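Position in the sequence shown counted from 1, then plus 1306, gives you the working numbering. Don't be surprised by glycine CBs; every beta carbon is placed ideally from N, CA and C. Remember, predicted model here, so these are calculated numbers, not experimental data. Heads up, the thing below is written out as structure tokens.
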Amino acid sequence: MIFFLQNRGRGAFKRAFLVLLFVFGILAFLVLSGPYFKAEKNIKWGITYSKIQAIRMGLDWQAAYIEILDGLNVNNLRLPVYWNDVEEQQGNYDFMDYDWMVTEAAKRNINTILVIGRRTPRWPECHVPSWVSVLDQASQDKALLDFIQVVVTNFKAHPNISVWQVENEPFLSTFGECPEADPGLLRKEVEIVKTIDPSRPVIITDSGELGDWLRAVKNADIFGTTMYRKVGGWGPFKYATYPLPPQFYRWKANLINRFVPVKKLIVSELQGEPWVIGTPTASDKPLEEQYETVNPKYFKEIVTYAKATGIGEIYWWGAEWWFWLREQGHPEIWETAKALFNAN
């Protein structure tokens, strides 16, 4: 492109500049003209807690859960229900561990988002019982819809469940061990949830940096974006930092809102633990390598960045790691998070 413009002379550069300026002006108009999401100053902080991640880190997952809720003074919780953990045998559902977690959250008046579906937080992203793989596609879809129906029916009586999250970043095809996204199947999942429990809203999430958001927003009462700062790099670069200003996420929501209404915007997953390569568990790596992408100093920078987004509800990713660090004699990130939650 540059070679072409150089050979066309200064006139071509001028025309190209005017075209880019025009496109930028159109985008700015779409982003800034109302209705749009205004910056919020008061943030409701929350966490995601994963039973399987705590186990992978060698923690007593129940003790860690209670200590995180009480020690950080958590008021908002996102809790994934893993299909392969609940329905190890087809038609036999064991919700005991998840009933316990939801009940413990209720004792503390913690608003709880229950994440349900095939794709739920933590690697390998899709948590599917082994028996599902031998079924044909139609039977696999039915098994998933049956699971959705049973889990909503089981938990809908819990008053502290405020929202259902259906699937986790269902359109992020570049990450995870999952089948291709099926928008029609997602709509059926949402329809089942709303039929059984029409009183609660549904969250659909997408990657903040890589997702187009449009397909997710179409199905959502609340849209949740992820927010990552340092991730695995490309080519010679081990890690990369997204060069995005904190306002980017509201700007993107404002743009999407011109085409599909975004009823409410939250951050469903804010990076609060390291991005490590070759393992889903940061604690598998030496501390020096863990601290390459998230360390006590950079954690404070993430807090500042998140506050500057102007988004009023934000759920941290990494509470299990904060607890693990504290148990290893490194309480700095835990203490920073604790101060943040106690000021909530």
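- The shortest C-alpha to C-alpha distance from ASN1381 to any of ALA1614, ARG1428, TRP1628, TYR1355 is the one to TYR1355.
- LEU1420 is bridged by DSSP to LEU1385, TRP1470.
- In its chain, beyond the 5 residues on either side, GLN1577 have a beta carbon closer than 6 angstroms to the beta carbon of TYR1534.
- The straight-line gap separating the alpha-carbon atoms of ARG1632 and LYS1448 is approximately 43 angstroms.
- Assigned with DSSP and collapsed to three states, SER1439 falls in helix.
- Here ALA1546 has LYS1536, VAL1537, GLY1538, GLY1539, TRP1540 as same chain residues with Cβ atoms under 8 angstroms from its own Cβ, once five neighbours each way along the sequence are excluded.
- THR1426 carries a coil assignment under DSSP once its states are collapsed to helix, strand and coil.
- Its chain contains ILE1509, ILE1528, PHE1529, GLY1530, THR1531, ILE1617, GLY1618, GLU1619, ILE1620, TYR1621 as the residues whose beta carbon lies nearer than 8 angstroms to that of ILE1572, once the 5 sequence neighbours on both sides are disregarded; these appear in chain order.
- Under DSSP, PHE1529 forms a beta bridge with ILE1510, LEU1571.
- CA-CA distance, LYS1644 to GLU1373, rounds to 12 angstroms.
- In this structure, DSSP gives THR1599 a state outside helix and strand, which the three-state scheme calls coil.
- It is roughly 11 angstroms from the alpha-carbon of THR1642 to the alpha-carbon of TYR1604.
- Assigned with DSSP and collapsed to three states, VAL1566 falls in coil, not helix or strand.
- Contact between GLU1579 and TRP1640 does not hold, since their C-beta atoms are separated by about 12 angstroms, which reaches or exceeds 8 angstroms.
- With a beta-carbon spacing of about 6 angstroms, VAL1392 and ASP1400 fall inside the 8 angstroms limit used to define contacts.
- Collapsing the DSSP output to three states places LEU1576 in a strand.
- Annotation for PHE1453: TRP1389, GLU1393 place their beta carbon closer than 7 angstroms to its own, counting only its chain and skipping 5 residues before and after.
- Under the 10 Å beta carbon count, ASN1348 is surrounded by fewer than 16 other beta carbons and is classified as exposed.
- Around the beta carbon of GLU1575, 16 or more other beta carbons sit within 10 angstroms, so the residue counts as buried.
- By the C-beta criterion, the segment 1581-1601 is judged not to be in contact with the segment 1551-1567, since fewer than 3 inter-stretch pairs fall below 8 angstroms.
- In the structure shown, TRP1351 adopts extended strand secondary structure according to DSSP, grouped into three states.
- When C-beta atoms of the segment 1455-1463 are compared with those of the segment 1492-1506, three or more pairs fall below 8 angstroms, so the two segments count as touching.
- The closest CA to that of ALA1559, considering only THR1587, GLN1634, LYS1524, LYS1591, is found on LYS1524.
- The Cβ atoms of THR1615 and TYR1555 lie closer than 8 angstroms to each other.
- Cβ-Cβ separation between LEU1451 and LYS1413: approximately 32 angstroms, too far for a contact (criterion under 8 angstroms).
- Cβ contact annotation for GLY1624 (same chain, cutoff 6 angstroms, sequence separation greater than five): GLY1578, GLU1579, in chain order.
- Taking all protein chains in view, the Cβ of PHE1543 is surrounded by fewer than 16 other Cβ atoms within 10 Å, so the residue is classified as exposed.
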